[in-house]
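Residue numbers (the numbering used here), protein chains in the order written: chain A, 1 to 148; chain B, 1 to 148; chain C, 1 to 82; chain D, 1 to 82.
Built from N, CA and C at the ideal position, the CB exists for glycine as well.
It should be emphasised that the depicted structure is a prediction, and the values quoted were computed from it without experimental measurement.
The block underneath contains the structure these notes are about, expressed in C-alpha cells.
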Amino acid sequence: MNVRVQTEAFDFGLEANNFATAQTDMGAIVTFLGIVRNLEETNLSYMDIEHYPGMTEKAIYKITDEAANRWSLGDILVIHRYGRLSTDDLIMMVATASKHRKDAFEAAEFLMDYLKSRAPFWKKEATDQSQDWVVSKVEDESALKKWQ
Amino acid sequence: MNVRVQTEAFDFGLEANNFATAQTDMGAIVTFLGIVRNLEETNLSYMDIEHYPGMTEKAIYKITDEAANRWSLGDILVIHRYGRLSTDDLIMMVATASKHRKDAFEAAEFLMDYLKSRAPFWKKEATDQSQDWVVSKVEDESALKKWQ
Amino acid sequence: MIDVLYFAWVRERIGKTKETVETEAETVAGLVKELSERGQRYALAFSDLGSLRVAVDQELLDFDASLKGAREVAFFPPMTGG
Amino acid sequence: MIDVLYFAWVRERIGKTKETVETEAETVAGLVKELSERGQRYALAFSDLGSLRVAVDQELLDFDASLKGAREVAFFPPMTGG
C-alpha cells in the first residue's frame with residue numbers, strides 16, 4: 001500500500017504502468033483519475049486545496065486498510081495533491097490490484113467515496129468573480145451508505 | 001468512442017494518458033487493465049485468444065453504445081488483444097471518461113461485465129501438461145444480471 | 001446457401017473453421033439438427049446446446065432464431081474475453 | 001492545554017490557523033461553547049454545528065466526544081477531497 005500526499009504534479013500513465021508492473025499475480029487493475037475541470041458556467045481560474053498535515057495520510061491509510069479488509073487486493077495506490085491547481089491539472093489518482101475485476105472495481109469506488117468525504121481535504125475555487133469553498137454534496141455523503 | 005481489436009501489444013500508461021489528455025471537460029477517468037496471470041497452480045506457458053473477425057468490433061461497439069446510453073460519458077476506449085499471449089502480457093483495457101466518478105465507474109464495470117461474456121473472444125490456456133479452453137464462469141453470466 | 005462458422009472447441013471438434021451449407025432449415029435449431037446428422041464429430045459438437053452459443057449474421061441469438069435471409073451462422077462456446 | 005486547529009472557511013472566519021487553549025471542558029461540545037464566547041468571529045464560526053466536523057487527536061469524532069487526554073482538536077467544514 002502506497003499513499004502519497006504532495007504538491008508536486010504526477011504522471012498518471014507512468015504511475016499506472018509502475019503500479020501494474022509491480023504486481024506479480026494480480027490480473028485486474030482499476031485506476032481512477034481526477035482532473036480539475038471548468039464544470040460550472042463560471043470561469044475557473046485556479047483551485048486551492050487545503051489539507052490537514054499530520055492527519056491526512058493517517059486518514060487515507062485508515063481508508064485503504066478498510067478496503068484491504070473488505071476485498072481481496074494485492075495492492076493499493078493513492079496519490080492526492082494539495083496546493084494551487086489549474087484547469088486540466090491532475091488532482092488525484094487511485095489504483096487497485098486484485099485477482100478479480102469485481103474486487104478491483106469495488107475497492108477503487110469505495111476508496112473514492114471515502115476519500116471524497118472522509119479524508120481532510122478542502123477545495124476552494126477561484127473564478128474571475130470570487131473565491132468559494134466547494135460545498136460538500138449530499139450525494140457524496142449518501143454514496144457512503146452503500147458500503148455500510 | 002474508440003475500439004481496437006489487435007494482436008499488437010499496447011502501452012497501458014501511454015493509452016491511459018492519451019485518453020485522459022484528449023478529454024476537455026471530463027473530470028473523472030476510470031480505467032481497467034487485464035493482465036495474463038498464472039493464477040492456478042498449473043504452470044501457464046502461454047494463452048491463445050481466438051476471436052470472430054467481423055463480429056468482434058461490431059459486438060464491442062454494441063456494448064459501448066449501450067454504456068453511452070445508460071451513463072453520461074464523454075468518451076470510451078476499449079483495446080482487446082487476440083493471438084498468443086504470455087504471462088504478464090496485457091490482454092485488454094477499458095477507459096471511461098465522465099463528469100461524475102459514479103458514471104465513470106459504473107460504465108467501466110458494465111463494459112467489463114459485457115466484454116467478458118458478450119464479445120466473441122475465447123481463451124485457451126497452455127501449460128506444460130495440456131491445452132484447455134477456459135470455461136466461462138457462472139459468476140460472469142450472473143454479473144450481467146445487475147445491469148438488467 | 002449459408003456460411004457456417006465454428007470457433008474455439010466447436011471448431012476443433014468439428015475440424016473446420018468454416019463451410020458452406022445448403023439448407024432448407026427455417027431456424028437455427030433446424031440447421032443444428034441437419035448438421036448433427038453429418039457424422040460423429042458434428043453429433044458430438046452439438047450434443048449439448050446449453051454449452052453452445054450461436055450468432056446469426058454476427059448477432060448473438062437464440063437457437064429458435066429464424067434463418068430467413070441469413071447468410072452467416074456461427075457456433076461457439078460461451079465467450080471468455082476480458 | 002489543547003491545541004485547537006481550524007481549516008478552510010472555519011480558519012478564515014476565526015482568522016487563525018491554530019491556537020493553544022486552556023480548558024476544563026470535558027467534551028468537544030463543551031469546548032465549542034467556551035470558544036463561542038470568545039467573540040463574534042467564533043460565535044459565527046460555531047453557529048451551525050451541522051455544517052462543521054471535528055477531529056480529536058486527528059481522528060474524526062462527534063461533538064459529544066470526550067476531551068480526556070486530548071492534545072489536539074481540529075474544526076473544519078465537511079471534506080471535499082477526491
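Only residues of its own chain outside the window of five on either side were considered, and among them S98, K99, H100, D103 have a CB closer than 8 Å to the CB of S72/B, listed in chain order. Within the model, the alpha-carbon separation for L67/C versus L5/C is close to 15 Å. Nearest CB-CB separation between A70/C and chain B: not below the 7 Å threshold.
For G83/B, the beta-bridge partners assigned by DSSP are I49/B. Residue range 101 to 118 is occupied by the alpha helix (DSSP H) that includes K116/A. Within chain C, M79, G81, G82 have C-beta atoms less than 9 Å from the C-beta of L115/B, given in sequence order. Per DSSP, W133/B is one residue of the beta strand (DSSP E) stretching across 131 to 133.
Distances from the CA of S86/A to each of F19/A, Q6/A, I35/A, F105/A were compared; the closest alpha carbon is that of I35/A.
Within the model, the alpha-carbon separation for K58/B versus P77/C is close to 19 Å. Per DSSP, the beta bridge partners of K18/D are L5/D. Under the DSSP definition of a beta bridge, W122/B partners with E50/B.
Look at N17/A: its C-beta is under 7 Å from a C-beta on chain B. Judged by DSSP secondary structure, A16/B falls outside any beta strand (DSSP E) and instead within the alpha helix (DSSP H) spanning 12 to 22. Here DSSP, grouped into helix, strand and coil, assigns R53/C to strand.
About 6 Å separates the beta carbons of Y82/B and T7/B, which is inside the 8 Å limit, making them a contact pair. Using a CB distance below 8 Å, the part of the region 26 to 37 of chain A facing chain B consists of M26, G27, A28, I29, V30, T31, F32, L33, G34, I35, V36, R37, ordered along the chain. Listed in chain order, the positions of the region 105 to 138 of chain B with a beta carbon within less than 7 Å of a beta carbon of chain C are M112, L115, K116, S117, R118, A119, P120, F121, W122, K123, W133, V134, S136. When CB distances to chain B are screened at a threshold of 7 Å, the residues of the region 2 to 16 of chain A falling below it are F12, G13, L14, A16, in chain order. Per DSSP, R41/D is one residue of the alpha helix (DSSP H) stretching across 40 to 45. The Cβ atoms of M47/B and K137/B do not sit closer than 7 Å to each other.
In the DSSP assignment, D65/A is bridged to no other residue.
Annotation for A65/D: no beta strand (DSSP E) segment contains it, and DSSP assigns it neither H nor E. Annotated as proximal: M112/B and G82/C, with beta-carbon spacing under 7 Å. Closest by C-alpha distance to T127/B, out of D140/B, F19/B, S45/B, is S45/B. By the 16-neighbour rule on beta-carbons within 10 angstroms, T96/B is buried. Taking the Cα positions, D62/D is about 14 Å away from F46/D. Neighbours of A20/B across chain A, judged by C-beta separation under 9 Å: F12, G13, L33, I35, L90. Proximity of G54/A to chain D, defined by a Cβ-Cβ separation below 7 Å, is satisfied.
Going by C-alpha positions, N43/A is about 15 Å away from V134/A. Chain B has a Cβ within less than 7 Å of the Cβ of F7/C.
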